[in-house]
Ligand SMILES: C[S@@+](CC[C@H](N)C(=O)[O-])C[C@H]1O[C@@H](n2cnc3c(N)ncnc32)[C@H](O)[C@@H]1O
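Numbering (the working numbering), first residue to last: 7 to 202.
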């Protein structure tokens with residue numbers, strides 16, 4: 007997956023990394039910022055996604071499609087498709103541009119809207135990356151876990167940098183007997199759950 011990352015994907019990743027860096031220092035409002043995962047979390051996602059069983063791959067919170075590209079590297083390896091949800095029109099437009107430039111449109115479906123309105127349509131989820139507003143994590147978790155295949159993997163971002171806000175959902179996941187779960191100190195902290 008990484009040897010090498012296809013040129014068009016690598017260039018778009020670098021472009022979005024620079025936009026994200028600028029966002030954080032130039033006073034761009036929180037809702038407008040890309041708020042992307044760091045590259046090491048991207049690699050972590052690629053490896054986990056490549057190890058997931060067959061089934062539906064989902065991402066909740068696309069932004070400009072940066073994390074989507076890391077998951078897509080695994081999809082290219084295993085001929086999987088990925089569905090990603092983005093609620094904001096401007097971000098969805100940027101993401102469409104990302105998938106067009108990188109020629110990933112054939113494996114990625116972008117749904118513009120609130121992921122919570124769609125999640126109950128998926129019944130064989132094998133991989134899900136959750137990276138939306140923190141207020142919706144609990145609801146998304148409850149919609150995804152019952153519909154995951156055995157061995158399916160859910161990763162939720164911000165488990166350390168937003169620990170206090172996410173604590174109810176994190177505590178629930180860590181005690182949930184339907185999954186094996188832990189928090190991995192990489193990037194902003196990743197909750198990783200594997201469906202039993
Ligand atoms: C932290 S950013 C995602 C960053 C992206 N995963 C990355 O690393 O490149 C969160 C995104 O989730 C979107 N979002 C928030 N709540 C959502 C929801 N209920 N459904 C779909 N998208 C949502 C926001 O508009 C924002 O673009």
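The beta-carbon is built from N, C-alpha and C at its ideal position, and this holds for glycine as well. Just so we're clear, the structure is a prediction, and the values are computed from it rather than from any experiment.
Asked, Found
"When you compare only the Cα positions, how much space is there between residue 103 and residue 161?", "25 Å"
"Leaving aside the five residues before and after residue 79 along the sequence, list all residues of the same chain whose C-beta is less than 6 Å from its C-beta, in chain order.", "7 and 52"
"Please confirm whether any heavy atom of ligand 1 lies closer than 7 Å to the CB of residue 142.", "yes"
"Helix, strand or coil, according to DSSP, for residue 75 in the structure here?", "helix"
"For ligand 1, is there any heavy atom lying closer than 7 Å to the beta carbon of residue 67?", "yes"
"Output the distance between the C-alpha atoms of residue 57 and residue 134, rounded to the nearest integer angstrom.", "13 Å"
"Closer than 7 Å: is that where the CB of residue 42 sits relative to any heavy atom of ligand 1?", "yes"
"Taking the alpha-carbon of residue 177 as reference, which of 68, 77, 149 and 144 has the nearest alpha-carbon?", "144"
"Give every residue of the same chain whose Cβ lies closer than 8 Å to the Cβ of residue 193, excluding the five residues on either side of it in the sequence, and list them in chain order.", "43, 44, 46, 47, 50 and 163"
"Unbroken alpha helix (DSSP H) runs of length 4 or more, entirely within the stretch 73 to 153: which are they?", "95 to 107 and 143 to 150"
"Since I believe residue 185 is in contact with residue 202 (beta carbons under 8 Å), could you give me their beta-carbon distance rounded to a whole number of angstroms?", "6 Å"
"Going by CA-CA distance only, name the one from 83, 9 and 75 that's closest to residue 90.", "75"
"Could you tell me whether the Cβ atoms of residue 105 and residue 81 are closer together than 8 Å?", "no"
"How would you write the range of the alpha helix (DSSP H) that residue 182 sits in, first residue to last?", "Premise fails: residue 182 is in no alpha helix (DSSP H) and is neither H nor E."
"Between which residues of its own chain and residue 109 is the CB-CB distance below 8 Å, once the five residues before and five after are set aside?", "14"
"CA-CA distance, residue 95 and residue 69?", "10 Å"
"With DSSP collapsed to three states, give me the class of residue 194.", "coil"
"Looking at the structure shown, is residue 31 part of a helix, part of a strand, or coil, going by DSSP?", "helix"
"Does any heavy atom of ligand 1 sit closer than 7 Å to the C-beta of residue 72?", "yes"
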